[in-house]
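Chains as they are written, first to last, in the UniProt record's numbering: chain A, 1 to 105; chain B, 1 to 105.
Laid out in structure tokens, this is it:
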């Protein structure tokens, strides 16, 4: 059974400055890009990053607490999925434009 | 005669992470919004901010050095204009989506 991590903001509580702070980092942009390009939810370990897993956790947490991704456990695996619809509701067009710009960097 | 301030990056040197760092601040989003809504280039003094002018200078510099705006002097007035076309060239759709999201915050 999946267990969600519940410290993510509701869509009505999204803070745009906080979203920008969360994404202003190459590691975090890489996480978002890989999730956007995946056909299924990805475990943290399935996302390739040039840092240690213990350091990566901090980046996943920043993205989750800003509302960019949802995390949940299946067994001992922590899975990640972008909150595409919630971001579109709060900031129309922003996440697609961000991902597009990040792809060229 | 107008004199440009020349430490801004060429469009080919734009760094997306730096752009995100520059805009991840309510004061700087307010500067961008006001410039986007203006019918002409604005002096720093014409942009309403809840901070002292001496503090505002730092924010204008961060935006200029990331490539978001161009500054130039006419006499002793420092004028500002968004680099809309350059941003569109480097990161298509990003600045409009950013300004739209910032308007709702």
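Glycine included, every Cβ here is placed at the ideal spot set by N, Cα and C. Please read all numbers here as calculations on a predicted model, not as lab measurements.
To the nearest angstrom, how far is it from the Cα of residue 92 of chain A to the Cα of residue 97 of chain B?
When only Cα atoms are considered, residue 92 of chain A and residue 97 of chain B end up about 7 Å apart.
For residue 5 of chain A, which residues of its own chain have a beta-carbon under 6 Å away from its beta-carbon, when the five flanking residues on both sides are left out?
71
Just to confirm the assignment, what range does the beta strand (DSSP E) spanning residue 3 of chain B have?
2-4
Suppose you measure from the CA of residue 90 of chain A to the CA of residue 75 of chain B; what does that come to, to the nearest Å?
43 Å
Could you check the C-alpha separation between residue 79 of chain A and residue 83 of chain B for me, to the nearest Å?
39 Å
Hey, which unbroken runs of the alpha helix (DSSP H) at 4 residues or more fall wholly within the UniProt domain "HTH arsR-type" (18-96) of chain B?
26-37, 53-66, 84-90
Sorted by chain position, which residues of the same chain lie with C-beta nearer than 6 Å to residue 11 of chain B's C-beta, five sequence neighbours on each side aside?
Taking C-beta separations shorter than 6 Å and ignoring five residues to either side along the sequence, the partners of residue 11 of chain B in its chain run 86, 89, 90, following chain order.
Is the distance from the Cβ of residue 17 of chain B to the Cβ of residue 24 of chain A below 8 Å?
yes
Output yes if chain B places a C-beta closer than 8 Å to the C-beta of residue 100 of chain A; else output no.
yes
Return no unless some Cβ of chain B is closer than 8 Å to the Cβ of residue 60 of chain A.
no
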